[in-house]
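J.: Residue 141 in our numbering sits at position 141 of the sequence shown, and the numbers go up by one each step.
All residues carry an ideal CB built from backbone N, CA and C; glycine is no exception.
On a predicted model such as this, the values are computed, not experimentally measured, just so you know.
Submitted below is the structure of interest, expressed as C-alpha cells.
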Amino acid sequence: DECRPGGRLFELFADGRAPRMIADNLPLPNALQLGPDGNLSFPVIGANEIWRVPVGGGRPERFAGDLAVPTAVKLDSKGAVLSTQGRTGEILRFDLQSRNKTVVAKVRPGIDNFALTADDRLFVSHFVDGGVAEIMSDGRERRLAEPGFCGPSGLAISSDGVLYAADGISMAAVELDGTQQRVGMLFDGHFPGFIRGLGAASNGMLVVTTSAGDVTSYHPVTHEMTEHAKGLNELYGVVVAPNGDLVVAEGGEGRVLVISGTEVKVAARGLSRPTGIAAATDGSCYVAEAGKGRVVHVNGGVSPVIEGLKEPHGVLLAGDDLYVVDSGAHELVCYSLKTHRREAVATNVPVGAPPGVVPKPLMGIPGLLQGPLTMFAGITQGRDGTIYVSADGEGSILALRRV
C-alpha cells in the first residue's frame, strides 16, 4: 500500500513482473491483510474507516467507520477482523458477518501496527515512542522493547520548570528520574504537526517549529495553539527573545527570522543551513551554521564566533559560555565568550548519524506530514545548571553536569 492521499494498493511479483494495481485514489491506506475469502482488508486513515477490496480487483467497499485513526488491520484464526486505533490505544475486533465490534484491549495511544501468531497471541508497536509489547489475555502488557524516543530534537524548560522534548509527531514531558509522559501527538486534533524546534514562552506556553514550515505557540496542558507564521522553508531552532519576539532558524532559505505577532522580518540571510539558535540579553543571537561548520553572532551583521565544527546543531548561551552540539563530530563543545577558550566537554555523544552512515531524510506525506523530516539535536539548561541534550542518534535525552 501507499500511505498517502490518493494512495494505491499493488500486488508485487518476485519474478520481476510489473506491479499490478488493485485499487487507487485511496485516502491514506495502511497496513493490510489478505483474508481467506480473497478480500484485502485495510485501514483508511484519512477517512477513519476500514475498507475491503477483492484482491483480483474491483470496487472497494466500506467495512467499518467512525474509528479513531485506524492504523492496521489483521485477521485472527477465527476470521474476525482486528484493527488498532492510533488515537485511543484500543484494539478492536469486528465480526466478519455482523460487523459488530468489541474492544479486545486498550493500551496507551499511538499504536502503529500489530501482529498475530497462529494461536492469536497479540503483539503491538507504538509510533510515538517505539515501544513493542505482547498484550496478554487479561489486558496486561509484556514489554519486549521499552518505550523511549523516536527522534528527539528540540528541548525546552517551560516557565513552570518542566522539561519538554519535541519527538517528531509527538511531544513528551520528562521528569528528573527519566520517566516521560506524552502530552500531545499528531492525531490528537490539537497538535501543531511534525515538530522540530522548541522554545519556552510565558505562562507555560511553548513555541514550536514544524516540518511544514509553521511557527506555533502550543500549551502542552490545555493544547491551546496560536499560529505565528506558516509555509516557511525547513525550520529548526526557535527561541523567545528578551523582548518577547520569536527568533527562528530557517535552514532551507539560510535565514534568521524575527517574528513579532504575525509579522516576519529577516535578521540575517545568506547563511548555510542555520539550525540551532540562542538569544542574548542585548537582543542579538548566536546561530549554528551547519553547512559551514561554525557558529555566528547575528547583531545587525553576521560575524563568526566558533569555526572548524563539523555539523553544529543546538546552541545554548549560559552566562559567558556558549554550548554547541556538534552533531557531525558527536561532541558537546563549550566556548567561552570571555576567554575565547574552546573545549569539548563531552565526546562520543550519540547525536547525529553513526560513522559511515549518510542520512537519507524521509520526504514525508504530502497533505499530512510535510517533509523533509530531517533531524535536529537540541539543547537546553535546567534551573540547577544541568544541561540536557537530545541524543537523536540513539533516541534518548542526556543530562550532563560539570564535575
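Rounded to whole angstroms, what's the CA-CA distance from residue 334 to residue 305? Just pull it up for me.
T.: Taking the first residue of the sequence shown as 1, we reach residue 334 at position 334. Taking the first residue of the sequence shown as 1, we reach residue 305 at position 305. Roughly 12 Å separates the two Cα atoms.
J.: Does DSSP put residue 157 in a helix, a strand or coil?
T.: For the purposes of this step, residue 157 is taken as residue 157 along the sequence shown, with counting starting at 1. Strand.
J.: In angstroms, rounded to a whole number, what distance separates the CA positions of residue 7 and residue 48?
T.: As a first step, residue 7 is located in the sequence shown; it is residue number 7 there, counting from the start. As a first step, residue 48 is located in the sequence shown; it is residue number 48 there, counting from the start. One C-alpha to the other measures close to 15 Å.
J.: Could you check how far apart the C-beta atoms of residue 25 and residue 1 are, in whole angstroms? I think they sit under 8 Å.
T.: Within the sequence shown, the letter at position 25 stands for residue 25. Within the sequence shown, the letter at position 1 stands for residue 1. The distance from the Cβ of residue 25 to that of residue 1 is about 13 Å, inconsistent with a contact at the 8 Å cut-off.
J.: Taking the alpha carbon of residue 336 as the reference point, which residue from 176, 316, 350, 173 has its own alpha carbon closest?
T.: Within the sequence shown, numbered from 1, the residue matching residue 336 stands at position 336. Selected option, being the one with the closest Cα: 316.
J.: Distance check for residue 302 and residue 256, CA to CA, integer angstroms please.
T.: Your numbering for residue 256 matches position 256 in the sequence shown. Your numbering for residue 302 matches position 302 in the sequence shown. Answer to the nearest angstrom: the Cα atoms are 11 Å apart.
J.: Under the assumption that residue 364 contacts residue 211 (Cβ atoms under 8 Å), give the Cβ distance between them as a whole number of angstroms.
T.: Against the sequence shown, residue 364 aligns to sequence position 364. Against the sequence shown, residue 211 aligns to sequence position 211. Residue 211 and residue 364 do touch by the CB rule: their CB atoms are close to 6 Å apart, below 8 Å.
J.: By the 10 Å Cβ neighbour count, where 16 or more other Cβ atoms means buried, how is residue 274 classified, buried or exposed?
T.: As a first step, residue 274 must be located in the sequence shown, where it is residue number 274. Result: buried.
J.: Can you give me the Cβ contacts of residue 292 inside the same chain, cut-off strictly under 6 Å, excluding the 5 residues immediately before and after it?
T.: Looking up residue 292 in the sequence shown gives position 292. So the qualifying residues of the chain are 272.
J.: According to the neighbour-count rule (16 or more other Cβ atoms, all chains shown, within 10 Å of its Cβ), is residue 307 buried or exposed?
T.: Your numbering for residue 307 matches position 307 in the sequence shown. So residue 307 counts as exposed.
J.: Buried or exposed for residue 261, going by 16 or more other Cβ atoms inside 10 Å?
T.: For the purposes of this step, residue 261 is identified with residue 261 of the sequence shown, where counting begins at 1. Exposed: under 16 other Cβ atoms inside 10 Å.
J.: Give me the residue from 383, 125, 95 with the minimum Cα distance to residue 76.
T.: Numbered from its first residue, the sequence shown carries residue 76 at position 76. That would be 95, whose Cα lies nearest to the Cα of residue 76.
J.: Restricting to Cα atoms, I'd like to know which of 51, 13, 373, 352 is closest to residue 252.
T.: Looking up residue 252 in the sequence shown gives position 252. Nearest C-alpha to residue 252: 373.
J.: Considering residue 199, what are the terminal residues of the beta strand (DSSP E) in which it resides?
T.: Within the sequence shown, residue 199 is the residue found at index 199, counting from 1. Per DSSP, the unbroken beta strand (DSSP E) holding residue 199 starts and ends at 195-200.
J.: Based on Cα-Cα distance, which residue from 218, 240, 125 lies nearest to residue 277?
T.: As a working mapping, residue 277 is identified with position 277 in the sequence shown. Closest by alpha carbon: 240.
J.: Would you kindly work out how many angstroms separate the C-alpha atoms of residue 259 and residue 230, rounded to a whole number?
T.: Position 259 of the sequence shown, counting from 1, holds the residue named residue 259. Position 230 of the sequence shown, counting from 1, holds the residue named residue 230. Between the alpha carbons of residue 259 and residue 230 lies a distance of about 11 Å.
J.: For residue 298, count neighbouring C-beta atoms within 10 Å of its own C-beta (all shown protein chains included) and say buried if the count is 16 or more, exposed if not.
T.: Numbered from 1 along the sequence shown, position 298 holds the residue referred to as residue 298. Under this definition residue 298 is a buried residue.
J.: According to DSSP, is residue 114 part of a helix, a strand, or is it coil?
T.: Here residue 114 is taken as the residue at index 114 of the sequence shown, counted from 1. Strand, per DSSP.
J.: Is the stretch 320-335 in contact with the stretch 157-168, if contact means three or more CB pairs nearer than 8 Å?
T.: Flag = no, the stretch 320-335 and the stretch 157-168 do not touch.
J.: Check whether the Cβ atoms of residue 388 and residue 395 sit closer than 9 Å, and answer yes or no.
T.: In the sequence shown, residue 388 corresponds to position 388, counting from 1. In the sequence shown, residue 395 corresponds to position 395, counting from 1. No.
J.: Given a threshold of 16 other Cβ atoms within 10 Å of its Cβ, counted over all protein chains shown, does residue 58 qualify as buried or as exposed?
T.: Residue mapping note: residue 58 aligns to position 58 of the sequence shown, counting from 1. So residue 58 ends up on the exposed side.
J.: Give the C-beta separation of residue 27 and residue 44 to the nearest angstrom, bearing in mind that I take them to be a contact with Cβ-Cβ under 8 Å.
T.: On the sequence shown, position 27 is the one that residue 27 refers to. On the sequence shown, position 44 is the one that residue 44 refers to. Between residue 44 and residue 27 the Cβ distance is about 5 Å, and since that is below 8 Å, they are a contact.
J.: From the DSSP output, read off the bridge partner residues of residue 185.
T.: Indexing the sequence shown from 1 puts residue 185 at position 185. Bridge partners of residue 185: 170.
J.: Out of 219, 33, 267, which has the shortest C-alpha to C-alpha gap to residue 172?
T.: Here residue 172 is taken as the residue at index 172 of the sequence shown, counted from 1. Out of 219, 33, 267, 219 has the C-alpha closest to the C-alpha of residue 172.
J.: Would you identify the three-state DSSP class for residue 314, choosing helix, strand or coil?
T.: Position 314 of the sequence shown, counting from 1, holds the residue named residue 314. Residue state, collapsed to three classes: strand.
J.: Does the distance from the CB of residue 314 to the CB of residue 267 come in under 9 Å?
T.: Reading the sequence shown from its first residue, position 314 is the one you call residue 314. Reading the sequence shown from its first residue, position 267 is the one you call residue 267. No, the pair does not count as a contact, with Cβ atoms beyond the cut-off.
J.: Using CA atoms only, rank isn't needed, just tell me which of 281, 109, 117 is closest to residue 147.
T.: By one-based count along the sequence shown, residue 147 stands at place 147. Residue 109 is the option with its Cα nearest to residue 147.
J.: I think residue 159 touches residue 200, with their Cβ atoms under 8 Å apart; what is that distance to the nearest whole Å?
T.: The count along the sequence shown starts at 1 and reaches residue 159 at position 159. The count along the sequence shown starts at 1 and reaches residue 200 at position 200. Indeed they touch by this definition, with Cβ atoms about 6 Å apart.
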